[in-house]
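All remarks here apply to the structure that follows.
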């Protein structure tokens, strides 16, 4: 079913949660959904990896090493990387990880590619990993109460999806790009209860979801998603208070102003018309609390 028809049909559903889920199912296609359910029932659930990460990136080469090494240290065993026409050092930085098998690399050209990349990842690798985290290169998953992300996830295996809230980090007043890792350079973040921190990213059981709905949600085959406290989710993330006390996603949305302008100039995997404006920098440059 095409997107227009899916929007029309889903649009008559009054509940936002149900509407979003059916939007994803209808976009995936009812026939495809039935085929997938049959395939899942026939496929033994013995994935090779417990936790993988899927991401699409455009000219993020200088940030890849820190991002990969951080998540590797927190229990990620595999990275599915979609390269949206990068012209920088991305392939060079990733090459050792590709050779070692840690990174599965795919060149993924074109506009409006973000959701298509996520869906491609689910279709190709849904039987290879027990969990797949769908995040961006400026997002770092930080387990607060557990040593690793898998330690956290082992308490959620009855759920198809776990939604984790942002904690937005600002520029800290940095104008120019400096040497060093993001997590060491930027120590100022928003108030935890800030409205922007209601946004979530999903870690999904790929056998229990059809496809992505948007950058923040997926269409589930069955069951409720869970929040980071283990509660079944019954309200859209925009209507819930953020949680960062068990696990969170450090979101380095703007970095320094120089880095923000460079990212603004190169466009986004979602399409050039979605290039971040200067108002985006003002909105996300939140420096209310400084970490020690």
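Residue numbers (the working numbering): 9 to 300.
Beta carbons are placed, not taken as given, at the ideal position from N, Cα and C, and that holds for glycine.
By DSSP, does residue i sit in helix, in strand, or in coil?
{"i": "residue 297", "result": "strand"}
{"i": "residue 207", "result": "coil"}
{"i": "residue 56", "result": "coil"}
{"i": "residue 40", "result": "helix"}
{"i": "residue 79", "result": "helix"}
{"i": "residue 86", "result": "strand"}
{"i": "residue 6", "result": "This structure cannot speak to residue 6, because the chain is shown only from 9 to 300."}
{"i": "residue 136", "result": "coil"}
For residue i, I'd like the list of residues in its chain whose CB is within less than 8 Å of its CB, leaving aside the five on either flank, ordered along the chain.
{"i": "residue 78", "result": "148 and 191"}
{"i": "residue 105", "result": "76, 87 and 111"}
{"i": "residue 299", "result": "195, 196 and 197"}
{"i": "residue 166", "result": "231"}
Is the Cβ-Cβ distance between residue i and residue j less than 9 Å?
{"i": "residue 60", "j": "residue 90", "result": "no"}
{"i": "residue 176", "j": "residue 217", "result": "no"}
{"i": "residue 208", "j": "residue 197", "result": "no"}
{"i": "residue 97", "j": "residue 70", "result": "yes"}
{"i": "residue 140", "j": "residue 214", "result": "yes"}
{"i": "residue 160", "j": "residue 226", "result": "no"}
Taking just the CA atoms, how far does residue j sit from residue i?
{"i": "residue 264", "j": "residue 144", "result": "18 Å"}
{"i": "residue 33", "j": "residue 39", "result": "10 Å"}
{"i": "residue 238", "j": "residue 94", "result": "38 Å"}
{"i": "residue 182", "j": "residue 266", "result": "8 Å"}
{"i": "residue 228", "j": "residue 29", "result": "7 Å"}
{"i": "residue 8", "j": "residue 74", "result": "As shown, the chain starts at 9 and ends at 300. That puts residue 8 outside it, with no answer to give."}
{"i": "residue 279", "j": "residue 154", "result": "Low confidence applies to residue 279: its pLDDT is 48, below 50, so where it sits in the model is not reliable enough to give any reading."}
{"i": "residue 273", "j": "residue 221", "result": "27 Å"}
{"i": "residue 146", "j": "residue 185", "result": "15 Å"}
{"i": "residue 68", "j": "residue 124", "result": "19 Å"}
{"i": "residue 285", "j": "residue 49", "result": "46 Å"}
{"i": "residue 202", "j": "residue 245", "result": "13 Å"}
{"i": "residue 173", "j": "residue 204", "result": "9 Å"}
Could you check if residue i is buried or exposed, using at least 16 other CB atoms within 10 Å of its CB as the buried criterion?
{"i": "residue 328", "result": "Lying outside 9 to 300, the shown extent of the chain, residue 328 is not represented and no answer is given."}
{"i": "residue 118", "result": "exposed"}
{"i": "residue 271", "result": "buried"}
{"i": "residue 134", "result": "buried"}
{"i": "residue 287", "result": "exposed"}
{"i": "residue 115", "result": "exposed"}
{"i": "residue 249", "result": "exposed"}
{"i": "residue 247", "result": "exposed"}
{"i": "residue 259", "result": "buried"}
{"i": "residue 236", "result": "buried"}
In chain order, what residues of the same chain have a beta carbon less than 6 Å from the beta carbon of residue i, not counting five sequence neighbours either side?
{"i": "residue 296", "result": "198 and 199"}
{"i": "residue 158", "result": "58, 59 and 83"}
{"i": "residue 262", "result": "179, 268, 289, 292 and 293"}
{"i": "residue 137", "result": "55, 57 and 60"}
{"i": "residue 130", "result": "214"}
{"i": "residue 150", "result": "256 and 258"}
{"i": "residue 210", "result": "142, 169, 171 and 226"}
{"i": "residue 65", "result": "145"}
Near residue i, what residues of its chain come up, given a Cβ to Cβ distance below 7 Å and the 5 sequence neighbours on each side ignored?
{"i": "residue 102", "result": "72, 89, 111 and 113"}
{"i": "residue 85", "result": "57, 58, 59 and 60"}
{"i": "residue 240", "result": "232 and 234"}
{"i": "residue 127", "result": "219 and 220"}
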